[in-house]
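This report concerns only the one structure given below.
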Amino acid sequence: MNAILTRPNRAAVLLSPNHVELQDWPEPAAGPNDVVVEISAVGVCGSDVHYFRHGRIGNLVCDRPIVLGHEAAGTVVATGSAVTHLAPGDRVTLEPQRPCGHCEQCWSGAYNLCRDVVFMATPPYHGAFARRVVNPADFTFAIPDSLSFEEAALIEPLAVGLWATERLDLKPGSSVLIIGAGPIGLLAGQAAAARGATRIVLSDINPARIGLVSRFPRFTAHDAAADPAYETIAEVDAVIECSGAPTAVTRALPRIRPRGGLALVGINPTGVASVDFWPAMERELSIHGVFRYAGMYPRAIALASSGLVDLKSVITDRFGLEETAAALAKASDDPSSIKSVVLP
Ligand SMILES: [Zn+2]
Ligand SMILES: [Zn+2]
Numbered sequence: 087m088n089a090i091l092t093r094p095n096r097a098a099v100l101l102s103p104n105h106v107e108l109q110d111w112p113e114p115a116a117g118p119n120d121v122v123v124e125i126s127a128v129g130v131c132g133s134d135v136h137y138f139r140h141g142r143i144g145n146l147v148c149d150r151p152i153v154l155g156h157e158a159a160g161t162v163v164a165t166g167s168a169v170t171h172l173a174p175g176d177r178v179t180l181e182p183q184r185p186c187g188h189c190e191q192c193w194s195g196a197y198n199l200c201r202d203v204v205f206m207a208t209p210p211y212h213g214a215f216a217r218r219v220v221n222p223a224d225f226t227f228a229i230p231d232s233l234s235f236e237e238a239a240l241i242e243p244l245a246v247g248l249w250a251t252e253r254l255d256l257k258p259g260s261s262v263l264i265i266g267a268g269p270i271g272l273l274a275g276q277a278a279a280a281r282g283a284t285r286i287v288l289s290d291i292n293p294a295r296i297g298l299v300s301r302f303p304r305f306t307a308h309d310a311a312a313d314p315a316y317e318t319i320a321e322v323d324a325v326i327e328c329s330g331a332p333t334a335v336t337r338a339l340p341r342i343r344p345r346g347g348l349a350l351v352g353i354n355p356t357g358v359a360s361v362d363f364w365p366a367m368e369r370e371l372s373i374h375g376v377f378r379y380a381g382m383y384p385r386a387i388a389l390a391s392s393g394l395v396d397l398k399s400v401i402t403d404r405f406g407l408e409e410t411a412a413a414l415a416k417a418s419d420d421p422s423s424i425k426s427v428v429l430p
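Counted from 1, the sequence shown has number 255 at position 169 by the working numbering; the numbering is strictly sequential.
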């Protein structure tokens, strides 16, 4: 048996809102098509923070203890009997979804929309704030040595940003306004740059986040507190809405050029917003929902390892597994924090 497995499995378990406890946790077992991964880095996502603070997102309720975390990378320590493309010792990043594989969405490649998808850290399924987890081998991707584990963990949010630019079919030389300069906004902006967008404006109301935009030379920062209707921004080909602010869509639609597009990535916490769709009609705009991603990992890994996307600059705070509650609180409360990672 691999020596590493002599260390018992442990996980940071959310018992109730704001209450995370480090617990001994069952040793994961690989089914025939699974791998067991020793986790080295897990990014803290906005959804984790929401479950931590409120115990629910919409109708997804944490009604029993749950392990959060779905942006994970590590090393394969065991493989199922049918797995041939991965072996113990391989450095990998985990795509955290397990679709059914035999419904119409799965057949057509839209497996992110599978009604029976199991997604890590979405109740009732456990996530990766743990020493070891099991993952389907088909959704576990080898990473080059040039990518650190913490960068590899951020392949997950990069996949979200990349998927938004894919849904918009963003063209070289295009212009894009990104609302919300959090991790997803910064990564969507970098994905847009990698696709050849030449004018990329990142807008936020938070001064700390606006300041951080300057870390990325391809971006222009916009202060939405001073200019809430985006009037100082020239028309753009596309808007990627990552803030979830209920007013953002109504304000952004008139800034999109005729036949341009809007991608909806941010989650509106109230679930209710009144939107004036007239500019979308009158300009024949295309509005795209963006729900996670499908088929993005290989290209996200290629972009990050080529240096075209900078994942390192997005990481601001690091914590041990026993500090998972602090990592979640930091991501929740500190506006100068962009991306916290837990290093189990
Ligand atoms: Zn996430
Ligand atoms: Zn399916």
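Positions of the beta carbon are idealized from the N, C-alpha and C atoms, including for glycine.
Around the C-beta of residue i, are 16 or more other C-beta atoms found within 10 angstroms, so that it is buried, or is it exposed?
i	result
GLU157	buried
LEU101	exposed
ASP290	buried
HIS212	buried
LEU389	buried
GLU317	exposed
GLU181	buried
PRO430	buried
TRP193	exposed
PRO258	exposed
VAL358	exposed
GLU368	exposed
ASN88	For ASN88, the pLDDT reaches just 44, beneath the cut-off of 50, and the residue's location in the model is therefore unreliable, although a value from the coordinates is still provided. Classification of ASN88: exposed, given that the 10 Å Cβ count is below 16.
HIS136	buried
VAL299	buried
LEU303	Looking at the sequence provided, one finds Pro at residue 303 rather than Leu. Counting Cβ neighbours within 10 Å, PRO303 comes out exposed, since fewer than 16 surround it.
ASN145	exposed
LYS398	exposed
Is the CB-CB distance between residue i and residue j below 8 Å?
i	j	result
THR179	ALA239	yes
ARG177	ALA116	no
ALA261	VAL322	Inspection of the sequence shows that residue 261 is occupied by Ser rather than by Ala. In this structure, VAL322 lies closer than 8 Å to SER261 by Cβ.
ARG150	PRO103	no
ASN198	TYR379	yes
VAL351	ILE270	yes
ALA97	TRP111	yes
ALA310	LEU394	no
ARG218	VAL123	yes
ALA349	LEU254	yes
GLY166	ASP134	no
VAL361	VAL335	yes
VAL428	GLY155	yes
VAL130	ALA417	yes
PRO114	ASN292	no
PRO209	ILE152	yes
Under a three-way DSSP split, which group does residue i fall into?
i	result
ASP231	coil
GLY247	helix
PHE225	helix
ALA97	strand
THR356	coil
ASN88	Low local confidence applies: a pLDDT of 44 at ASN88 is under 50, so the model's placement there is unreliable, and no value is given.
GLY381	coil
SER194	coil
GLU107	strand
ALA173	coil
LEU146	strand
ALA388	helix
ILE319	coil
LEU256	coil
GLU199	According to the sequence displayed, residue 199 carries Leu and not Glu. In the structure shown, LEU199 sits in a helix (DSSP, three-state: H, G or I).
ALA168	coil
ALA239	helix
Residues bridged to residue i by DSSP?
i	result
PHE405	VAL428
LEU288	ILE264, ALA307
ALA216	ALA97
ILE57	Nothing about residue 57 can be read from this structure; the chain reaches only from 87 to 430.
ARG184	VAL204
By the DSSP assignment, the alpha helix (DSSP H) with residue i in it spans what residues?
i	result
GLY297	293-298
ASP134	132-140
THR336	334-338
THR161	First-last for THR161: 157-165, but that is the beta strand (DSSP E), not the alpha helix (DSSP H).
GLY129	Careful: GLY129 lies outside any alpha helix (DSSP H), inside the beta strand (DSSP E) at 120-129.
LEU273	269-280
GLU113	Neither: GLU113 is in no alpha helix (DSSP H) and is coded neither H nor E.
GLU368	364-368
Determine whether the Cβ of residue i lies closer than 8 Å to any Cβ atom of chain B.
i	result
CYS131	Protein chains in the displayed structure number just one, and chain B is not present.
Over the uninterrupted beta strand (DSSP E) stretch that includes residue i, give me the two end residues.
i	result
ALA324	322-327
THR208	Careful: THR208 lies outside any beta strand (DSSP E) and carries neither H nor E.
LEU350	342-350
LEU414	Note, LEU414: premise wrong, no beta strand (DSSP E); alpha helix (DSSP H) at 410-419.
THR179	177-180
SER422	From DSSP, SER422 is part of no beta strand (DSSP E); its letter is neither H nor E.
SER399	Segment: none, SER399 is in no beta strand (DSSP E) and carries neither H nor E.
HIS431	Residue numbering for the chain in the displayed model covers 87 to 430; residue 431 lies beyond these limits and cannot be assessed.
Would you say the beta carbon of residue i is closer than 7 Å to some non-hydrogen atom of ligand 3?
i	result
GLN183	As presented, the structure is devoid of ligand 3, carrying ligand 1 and ligand 2 as its sole ligands.
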